[in-house]
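Per the numbering used here, residue 42 is the first one in the sequence shown, and the count goes up by one each step.
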Amino acid sequence: MTRAKTAFEDALARTAAAVETMLDGLLGRESLAGELERPVRLLEAMRYAVLGGGKRLRPFLLIETARLFGAEGIGAVRAGAAFEMVHGYSLVHDDLPAMDDDDLRRGRPTVHRAYDQATAILVGDALLTLAFDVMADPATDVSADVRAGLVLRLARASGLGGMVGGQVLDLAAEGRWTPEGRPLALSSERIQRLQAMKTGALIAASVEAGALIGRAGPAEMAALSTYGTLIGRAFQIADDLLDVEASTETAGKATGKDAARGKATLVGLHGADAMRARLEAIVDDAVDRLGPFGDRAAVLVEAARFIAFRDR
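Structure follows, in structure tokens:
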């Protein structure tokens, strides 16, 4: 018997559909003002990279956070699509042979396998650039100050001191072996830092972006920023647990690769049981941060739990 979807899962699916429609439109064939041409192969590969897959968690968090303040217009969906483009670009580049060298993503061939490596690199470049185009467009928000804030948050979360910097730290930590041939473990603090940059920064920024669109006050922004940081941490721990415990079919990508590469993870350092307990504590802390919002934050409460315990 098929299990009925929960109200949260229905909300997640509705948002995913709205973001899918937005991405489909933003990646249309018609050139925008200032564009000379949209090359067909590049556009098709970009669409392959971001359409038809994924839970759209980052856009969901952005849109639901904006909704806390009654901001439910098309601007939040556009901003969510921009975050999804950045996330999509990061996956395309992470899957490349020079990075994680993966052949499978969301249950189908990765972009460099479906097309080629040069196209995959350019897909990532184009998605990243288009994301900032979308954020800077007045169609996303009438306030130039808000648009500037959105651009700044996305840039800081995705660049040198965020996602890209975290990927560099992650790559540096791989393949470091002791003379005995065992992985050289990083400290718990160092692992948390690289994971907060590589994965957590974009998740936290999506929550902050939603609060910015909703015109949150300083105290509200601070509470939501902490919530975003905590669920970003929970997401990575859950992902590391999935790599250890889930099948390839469940995860939609190759699993069991972290240990084989000597990749530094908190699960590898402390063990799965200890990290499951820590995951519970992080989720409880994140939920507590939403207390001032009362029942209005019910969906974000469920989001924290879903992120931590998805597909397990």
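C-beta atoms are modelled at their ideal positions from N, C-alpha and C, and glycine is treated no differently.
| Asked | Found |
| --- | --- |
| By how many angstroms is the C-alpha of R274 removed from the C-alpha of A327? | 10 angstroms |
| Decide yes or no for the touch test of the segment 185 to 202 against the segment 144 to 160: beta carbon pairs closer than 8 angstroms, at least 3 of them. | no |
| Decide if A139 is buried, meaning its Cβ has at least 16 other Cβ atoms within 10 Å, or exposed. | exposed |
| Per the contact definition of three or more C-beta pairs closer than 8 angstroms, is the segment 307 to 325 in contact with the segment 250 to 269? | no |
| Give me, in chain order, the residues of the same chain whose beta-carbon lies closer than 6 angstroms to that of G121; leave out the 5 immediate sequence neighbours on both sides. | V60, P100, L103, I104 |
| I need the straight-line Cα distance from A295 to L341, nearest angstrom please. | Because the pLDDT of A295 is 48, which lies under 50, any placement of that residue in the model is unreliable, and the question is left without a value. |
| Which of helix, strand or coil does DSSP assign to A58? | helix |
| So, helix, strand or coil for R97, using DSSP? | coil |
| Quick one: is D314 buried, meaning 16 or more other Cβ sit within 10 Å of its Cβ, or exposed? | exposed |
| Smallest Cα separation from F49: which of V81, K96, L92? | K96 |
| Quick one: grab the DSSP three-state call for R146. | strand |
| Could you check which residue in E125, Q233, A305, V248 has the C-alpha nearest to that of T170? | E125 |
| Within the continuous alpha helix (DSSP H) that includes Y130, where are the two ends? | 115 to 135 |
| Starting from the Cα of L53, find the closest Cα among S72, V81, L67, L98 and give me that residue. | L98 |
| Pull up the distance between the alpha-carbon of A349 and that of A172, whole angstroms please. | 27 angstroms |
| Counting C-beta neighbours from all protein chains within 10 Å, is the total for G330 16 or more, i.e. buried, or is it exposed? | Per the sequence shown, residue 330 should be read as Arg rather than Gly. Label assigned to R330: buried. |
| Answer yes if the segment 237 to 255 comes into contact with the segment 173 to 190, meaning at least three C-beta pairs across the two stretches below 8 angstroms, and no otherwise. | yes |
| Just to confirm before moving on: does the CB-CB distance between S229 and H311 stay below 9 angstroms? | yes |
| According to DSSP, simplified to helix, strand and coil, what is P333? | helix |
| Which same chain residues, not among the five before or five after L210, have their C-beta less than 6 angstroms away from its C-beta? | L235 |
| Is it buried or exposed for T56, if we count other Cβ within 10 angstroms and need 16 for buried? | buried |
| List the whole-angstrom C-beta distance separating I232 from F276, where the pair is believed to meet the contact cut-off of C-beta under 8 angstroms. | I232 to F276, Cβ: 14 angstroms. No contact. |
| Should E249 be labelled buried (16 or more other beta-carbon atoms within 10 Å of its own) or exposed? | buried |
| Work out the CA separation of A339 and A112 for me, nearest whole Å. | 16 angstroms |
| Can you give me the Cβ contacts of G200 inside the same chain, cut-off strictly under 8 angstroms, excluding the 5 residues immediately before and after it? | G206 |
| According to the neighbour-count rule (16 or more other Cβ atoms, all chains shown, within 10 Å of its Cβ), is L73 buried or exposed? | exposed |
| Residues in its own chain within less than 8 angstroms of A58 by CB, not counting five upstream and five downstream? | none |
| Please report the residue range of the alpha helix (DSSP H) in which P259 lies. | 259 to 286 |
| Which residues in the same chain have their Cβ closer than 7 angstroms to the Cβ of M63, if we skip the five residues on either side of it in sequence? | V118, R119, A122 |
| Since A242 contacts M204 with CB under 8 angstroms, what's their CB separation in whole angstroms? | 6 angstroms |
| Excluding five sequence neighbours on each side, which residues of the same chain lie with their C-beta closer than 7 angstroms to the C-beta of R82? | T160 |
| Measure the Cβ-Cβ separation of D166 and V152 and say whether it is below 9 angstroms. | no |
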